[in-house]
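Note sheet for the following structure.
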Amino acid sequence: MSEAISTGGALERQARRPRAAEWNVLMALVGITAIFEVLGWILYGQSFVWNAQRLYIIILQVSIVGIIAVGVTQVILTGGIDLSSGSIVGATAMIAMSFAQAGMRNGQDFTQAVFWNQGWVDLPVIVPLVVALACGLLAGVVNGALIAYTKIPPFIATLGMMVSARGVANWWTKGQPVSNPTEAYTFFGNGLSGYMPVVTFLVLAALFQLALTYTKYGKHTYAIGSNAEAARISGINVERHLVLVYAIAGVLAAIAAVVVTSKNLTAQASMGVMYELDAIAMAVIGGISLSGGRGSIIGTVLGALIFGVIISGFTFLKIDAFYQQMIKGVIIVGAVILDQARQRKRGRG
Amino acid sequence: MKTFLIAGFAALMGTSALADDIGVSMAKFDDNFLTVLRNGMIEQAKGMEGVNLQVEDAQNDVAKQLDQINNFIAAGVKAIIVNPVDTSATQAMSDAAAKANIPLVYVNRQPINVDTLPDNQAFVASNEQESGTLETKEVCRLLKDAGKTEAGAYVIMGELSNQAAVQRTQDIMDVIGGPDCGVKINILDKQTSNWNRDEAQNLMTNWLSTGTKFDAVIANNDESAIGAIQAMKAAGTDMKAVVVGGVDATQDALAAMQAGDLDVTVFQDAAGQGAGALDAALKLAKGEKVDHKVYIPFQLVTPANVADFLKKN
């Protein structure tokens, strides 16, 4: 009911905000890391953080979902949600990888290649890349158009895409994995001495952080998420902007598909299952408000790092696999409870 | 012309009266493993005099499958082979076949009523317990051959809710805890990769970051083993010094074995299951006795025999 004044209120609040929400997330990251560090010394006499390989895996293992989370964050900033990103990864992985296969494996003709009969093996690396981006763009535009023009809730539109895109992934080769990419294609997941996924994630995150902060695109995104009606009245083409945001999310999911298939040298129909929920969780832990209009990519990156620290920390401490899942769930809910408390406090203050 | 037709018709009647008609209902045609199984059955039938297979696709539909079985019964086939869509829906199929006194053989997927099957019904598959056991025994042997008396191993499990993952992990524990291993294997840690190559890769890198010395990685499936291999290669681990085992003998796994990275995998003989099911059905049709559970053995795949398996699955 106080929607009409809330944009003004938010801006005002932002101006005298004592400390950015990202600081809290950073503190949480440092705190959790410290806990593992202390436990590491107590239980194994070994440092958790002071280990180059561990720092590498902490960020590497969240880079692929992190790329998706960059897109999902922008969707959530508009007040929407994207449940389809994991399935878009699956479908894009299968289709793009079919155009990235090499004609030889271990010195023999690789006749299992999807397009062997057409002779489409050893294609230039640009082909699978363009195919992937096109798949992601198409899925994203469909999502956005459904939401913007048919007015069905984003949850439903992207749920439909989630189911259908997984169907495409399964149908493409009838469940058969697609493997054996060309040498050039493996660069996206293994290049720059294995840091390529990390570089891709951080570059995309930085790019969209800048876009959200300094461009009209960003201002419109926040405006729609804070109050879509007010945004419309102030002359923003809300529908067109929503299509753009979902299209970007789709393309980012496709980029994640390229990275994950390149890194693993295979595409499987089940790839990306649950990625959408991990991506949403990263954003939420990073302080992105699910009601839209509040948060930043920096928060999401920190949220992703918290995820990475937790996974590595659990393996480091050899915590039983069963408990890991349970604790992960608690951390996600805990993060939101903290965020709510933070909001209330700020609301009062 | 007329006589020709009649003669032709008589010949047709003749063959169908003499032939052993076997009705086959597959859960689905578009599954790779089941396709190999189906072809194994068809190949086996081709080599036999007077065996006539009628293979139907249930398209993963329980109701459709039961209709197909009832149609086979109505057509008076000598025996029926079923690859159940839903293993908990097999009671009705067994009842229908038993009522018509037509032998029934389940293949690959264990029916829920496997312990109460009538005399002329059977179940043909591979014994899941063998896969993890074969894998781990071979890992033991390789470690022993490498001159080790004590070794450290990581275990990568499949999805924790999956029966095959639970069974295979249990087999690993049983073998290394039993007298047959010959090497004292310490499990350094066991975690899940959800059957998933990417998760296995991340998991292995996390393990590598602890700097703990290890001699073997025993995975519940090939995808996880390949993930571990990719992580170790990225970290510059000497693959000759580590024994890596998986299960499934997928094409990627066989390629990894040819490349010298994967040491052990286990092959589930789909074609053998198909042929075995047909044999059982024909025996039952002749009134011979067949065990209620016929197990087609898993086969160990190592670099020595990997070439034999490249064209199999």
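If you read the protein sequences in the order shown, they are chains A and B. Numbering-wise, the first sequence is residues 842 to 1190 according to our numbering. Numbering-wise, the second sequence is residues 5 to 317 according to our numbering. Even glycine gets a Cβ: it sits at the ideal position worked out from N, Cα and C.
Around the beta carbon of Gln205/B, 16 or more other beta carbons lie within 10 angstroms, which makes this residue buried.
Per the Cβ contact rule, the stretch 1040-1053 of chain A is in contact with the stretch 904-916 of chain A (3 or more Cβ pairs under 8 Å).
By the Cβ test, the stretch 948-967 of chain A is not in contact with the stretch 1074-1090 of chain A, since fewer than three Cβ pairs between them sit closer than 8 Å. Beta-bridge partners assigned by DSSP to Val28/B: Val59/B, Ile85/B.
When beta bridges are read from the DSSP output, Lys1169/A appears opposite no residue.
One Cα belongs to Ile189/B, the other to Pro301/B, and the distance between them is close to 26 Å. Only Tyr885, Gln887, Asn892, Ala893, Gln894, Arg895, Leu896 from the stretch 879-896 of chain A bring a Cβ to less than 9 Å from some Cβ of chain B. Taking 8 Å as the Cβ-Cβ cut-off, the stretch 1098-1120 of chain A approaches chain B at Val1101, Lys1104, Asn1105, Leu1106, Thr1107, Gln1109, Ser1111, Met1112, given in chain order. For the stretch 209-227 of chain B, the beta-carbon criterion of a distance under 9 Å to any beta-carbon of chain A is satisfied by Thr209, Asn210, Trp211, Leu212, Ser213, Thr214, Gly215, Glu227. Boundaries of the alpha helix (DSSP H) around Glu878/A: 862-885.
Closest option to Thr1156/A, judged by alpha-carbon separation, among Leu266/B, Met208/B, Ala239/B, Gly280/B: Met208/B. Residue contact with chain A for Ala93/B: absent (no Cβ-Cβ distance below 8 Å to any residue of chain A). Inter-residue distance for Asn131/B and Trp882/A is about 45 Å (C-alpha atoms, whole angstroms).
Taken through DSSP and simplified to helix, strand or coil, Gly1076/A comes out as coil.
Residue Pro107/B holds the alpha-carbon nearest to the alpha-carbon of Gly27/B among Pro107/B, Ala275/B, Lys50/B, Asn36/B. By the CB criterion at 8 Å, Gly1066/A and Leu918/A fall inside the cutoff. Of the residues assessed, Met1003/A falls on the buried side of the cut-off, its CB having 16 or more other CB atoms within 10 angstroms. Contact annotation for Gln195/B against chain A: Thr1156, Ala1162 [CB-CB distance below 7 Å, chain order].
Annotation: the continuous beta strand (DSSP E) that includes Phe271/B extends over 269-271.
Membership of Asp202/B in the alpha helix (DSSP H) is indicated by the continuous run 201-213.
A Cβ-Cβ distance of about 5 Å is found for the pair Met1123/A and Ala1145/A, placing them in contact under the 8 Å criterion. At a cut-off of 4 residues, the continuous stretches assigned as alpha helix (DSSP H) that sit fully inside the stretch 214-301 of chain B are 226-238, 255-262, 274-289. Within the stretch 69-154 of chain B, the complete beta strand (DSSP E) segments of 3 residues or longer fall at 83-86, 108-111, 125-129, listed in chain order.
For Val298/B and Ala93/B, the gap between their C-alpha atoms comes out near 21 Å. Taken in chain order, the whole beta strand (DSSP E) runs of length 3 or more contained in the stretch 1015-1090 of chain A number zero. Inter-segment contact for the stretch 269-283 of chain B and the stretch 230-247 of chain B is absent: fewer than three beta-carbon pairs are separated by less than 8 Å. A direct Cα-to-Cα measurement between Thr1014/A and Ala893/A gives close to 40 Å. A distance below 8 Å between beta-carbons, with the five flanking residues on each side excluded, links Lys194/B to the following residues of its chain, in chain order: Tyr158, Val159, Ile160, Met161, Thr173. Under the Cβ distance rule, Ile988/A does not count among the residues neighbouring chain B, no pair being separated by less than 8 Å.
Sequence-distant partners of Ile180/B (beyond 5 residues in either direction) whose C-beta falls short of 6 Å from its own C-beta, in its chain, are Ile189.
No residue range can be given for Lys992/A, since it is assigned to no alpha helix (DSSP H) and is classified by DSSP as neither H nor E.
Nearest neighbour of Val1114/A by Cα position, chosen from Ala875/A, Ala998/A, Phe1148/A, Ala932/A, turns out to be Ala932/A. In this structure, DSSP gives Val962/A a state outside helix and strand, which the three-state scheme calls coil.
Going by DSSP, Lys188/B is part of no alpha helix (DSSP H) but of the beta strand (DSSP E) stretching over 188-196. Rounded to whole angstroms, the separation of the alpha carbons of Thr254/B and Leu266/B is 12 Å. Residue-level contact check: Asn947/A touches chain B, since one or more beta carbons of chain B fall below 8 Å from its beta carbon.
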